[in-house]
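Everything on this sheet refers to the single structure shown next.
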Amino acid sequence: MSSRLEHYTQPRLVLDFRSRQGRKSVRQWYESQGYNTRFTLLEYRKHKETHSGHEFIVAWLNNTTLCRFDRWPYDGERGYMLCGEGVTAVDSVRVISHSGTEYYELLEQTEPLLSVKLPYSEDLGIILAICEGIQIHANTSAYNLIRCSCHFFSWTIATCVARRSCKWESDILSRESWHVILRTSLASVSSISRQYRPNPICRVGAKWAPTGTFTGICHFQGDVNTLINRFEVEAFQDVLWWSYLELHGAIGRILPKVLLPSQLSTVLQQTLHYIESPKFLSAKCTVAENVVLSRCDQIHGHIHDTHDPAQIDGFKLESLRDASYATANVLSRLGTEDSNSSWKNVWRSAWNSCKADAHTGTSYPYTSHSPVVMYTHRPKPWDATYVGQKGMENAIRNIWRSAWHEFDGLGAEYAANLMPTIVATIAERFVDIVPEQLVFRRNENHQGRSLNRPEHAPSFQQFIRDRMWEDFEMPNRSGFSSFKYLVETVEEAMCKTWVTSLRIMRSSRYR
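Going by our numbering, the sequence shown opens with residue 1, and the numbers climb by one from there.
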């Protein structure tokens, strides 16, 4: 049966994806085509003489057989096409062979506005999935003369098929390409770290001592050096690098769902925002903890100079990490300039939760390579106890808090610039249909030049946008609706259709 259908014109099939019987009929039609469902040439065509300028899509199955996809308003409701809710849409598909008169009538009465020579053969099932995506969405199921007409139908099919054939995300999604994107993006914002000057909140010097009053706050005294230096800023960049490497999987899930370059920035930033925030939080915690550990040698040395080293024990690094993470979460919610002491309470609670573990088992003295921080837990007279135990905890807390403040400011600069830079770098790698694969209608009014020549032709995406402009010029000029609103509405609907069609394709409903 399929071999016979390949050479003869078939009756038109109305596509009904809203009912079970309708979907069954579409499936039976598709299966009846046998292996005659592949195409490499897609045409976006328009009727020459009709006042409405009806547009439709043609997929050439071979040199003498084509498959036509149309959207029409229901005959009995044409008078209501301008209503907001629209009228019933009649979507259809029909195979036409050169053996019938319809074939020659189509070629004579219509003209191709654009022909797309696909780099790989595609299947009619792809177009059926796109048609289903259009029909099952509430905002595009009806025929509306302005937004969801045959023009929208043709734009969506052509754009989705072209998008699928480009496969531009395959290059971006490789891990090597993601490494390059990250390196390029981080390098472009590296000037931030060169221009950034930390606030001298906490200064590191040759000695430290408790305050004269019983407040438990330890101050560093001596030479004036900022809390964080260039090496620690570079460490912050390294932590961000490794954190963002883990986003490769998330990017891989997002990019296939992006239909248009114009939506890339919005989709990426909205989707990655909830992932990006924890990355910066983790990076700031890590570098703040590293600052604390780098200062512990100074504290350790002074304790050994002024107190009995036998009284100095170590506590587990988990105390610092737990207190750091818990406090960072609170500060991220309150802001870095919170005026209450809730963050101190959170620090103390998290810190003390690990202290009980430090009292049991073996206690390890601190070294620069040991996963412990100096701490004393034995009761001592006021000065030694306060310096060794309470003072040590407060000193570590204050160093961490000051380091957090510095890196929070630096992180805000990076957060404001890094993701937009990554998005821009990805956008530069977008691959549109190459000009050699596009053939435009000859434009006799363009000073005798033919748009068939690539140097005079727009890109595929620009061609679709130009068609929108022509279609929406009258509503925009009459004040019925703005061009910007109509384009955004239509492109949003096209993108939703693309995502839905991907799901349908994965269902293997069509080969």
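Even for Gly, the Cβ is constructed at its ideal location relative to N, Cα and C. Because the structure is a prediction, the values reported are computed rather than measured.
Neighbourhood of residue i by C-beta distance below 6 Å, restricted to the same chain and skipping five residues each side
| i | result |
| --- | --- |
| arginine 163 | Leu259 |
| histidine 151 | Glu55, Asp471 |
| threonine 286 | Val239 |
| arginine 94 | Arg12, Arg68 |
| alanine 350 | Asp322, Ala323, Ala326 |
| isoleucine 146 | Pro475 |
| lysine 380 | At lysine 380, the pLDDT of 33 sits below 50, so the modelled position is not reliable; the number obtained from the coordinates is stated separately. Around lysine 380: no qualifying Cβ. |
| glycine 531 | Shown here, the chain extends from 1 to 511; a query on residue 531 therefore has no answer. |
| histidine 179 | none |
| tyrosine 244 | Leu182 |
Spatial neighbours of residue i in its chain, beta-carbon cut-off 8 Å, leaving aside the 5 residues before and after
| i | result |
| --- | --- |
| histidine 88 | The question names histidine, yet the displayed sequence has threonine at residue 88. These residues qualify, in order along the chain: Pro73, Tyr74, Glu77, Ala142, Tyr143. |
| isoleucine 136 | Phe17, Arg18, Thr500 |
| asparagine 290 | Glu232, Ala235 |
Per DSSP, cross-strand counterpart(s) of residue i
| i | result |
| --- | --- |
| proline 73 | Ala89 |
| leucine 41 | Trp60, Lys117 |
| valine 14 | Ser92 |
| histidine 47 | Thr110 |
| threonine 65 | Asn62, Ser97 |
| valine 439 | Ser115 |
| glutamate 55 | Lys46 |
Three-state class that DSSP yields for residue i in the structure shown
| i | result |
| --- | --- |
| glutamate 492 | helix |
| serine 121 | strand |
| leucine 486 | helix |
| leucine 259 | coil |
| threonine 497 | helix |
| cysteine 148 | coil |
| threonine 110 | strand |
| leucine 268 | helix |
| leucine 247 | coil |
| serine 342 | helix |
| tyrosine 143 | strand |
| serine 154 | helix |
| leucine 293 | helix |
| alanine 350 | helix |
| isoleucine 504 | helix |
| tryptophan 168 | coil |
| histidine 179 | helix |
| glycine 479 | coil |
| asparagine 398 | helix |
| isoleucine 134 | helix |
| glycine 34 | coil |
| isoleucine 516 | Limits of the chain in this structure are 1 at one end and 511 at the other, which puts residue 516 out of reach. |
| valine 189 | coil |
| alanine 162 | helix |
| serine 459 | coil |
| asparagine 417 | helix |
Classification of residue i by the beta-carbon crowding that lies within 10 angstroms, buried from 16 upward
| i | result |
| --- | --- |
| glutamate 108 | exposed |
| alanine 310 | For alanine 310, the predicted model reports a pLDDT of 42, less than 50, meaning its position is unreliable and no value from the coordinates is stated. |
| glutamate 488 | exposed |
| valine 431 | exposed |
| alanine 403 | buried |
| threonine 65 | buried |
| arginine 506 | exposed |
| valine 434 | exposed |
| asparagine 63 | exposed |
| aspartate 466 | exposed |
| glutamine 462 | exposed |
| asparagine 394 | buried |
| threonine 140 | buried |
| phenylalanine 407 | buried |
| glutamate 169 | buried |
| serine 508 | exposed |
| lysine 279 | buried |
Residue i CB to nearest heavy atom of the ligand GDP below 7 Å
| i | result |
| --- | --- |
| isoleucine 96 | The ligand content of the structure shown is nil, which means the ligand GDP is not present either. |
Close-in-space but distant-in-sequence residues of the same chain around residue i (CB under 7 Å, 5 per side omitted)
| i | result |
| --- | --- |
| leucine 128 | Val26, Tyr30, Tyr510 |
| alanine 328 | Leu281, Lys284, Cys285, Trp404 |
| serine 165 | Leu118, Pro119, Tyr120, Glu122 |
| threonine 159 | Leu259, Ile464, Met494 |
| serine 332 | Leu281 |
| serine 185 | Leu418, Thr421, Ile422, Thr425 |
| glycine 100 | Thr9 |
| serine 188 | Thr421 |
Supposed close pair residue i, residue j - CB separation, criterion 8 Å
| i | j | result |
| --- | --- | --- |
| glutamate 122 | valine 161 | 6 Å |
| glutamate 102 | threonine 9 | 6 Å |
| glutamate 491 | serine 262 | 7 Å |
| cysteine 148 | aspartate 91 | That belief does not hold up - the Cβ atoms of cysteine 148 and aspartate 91 are roughly 11 Å apart, past 8 Å. |
| isoleucine 57 | isoleucine 157 | 5 Å |
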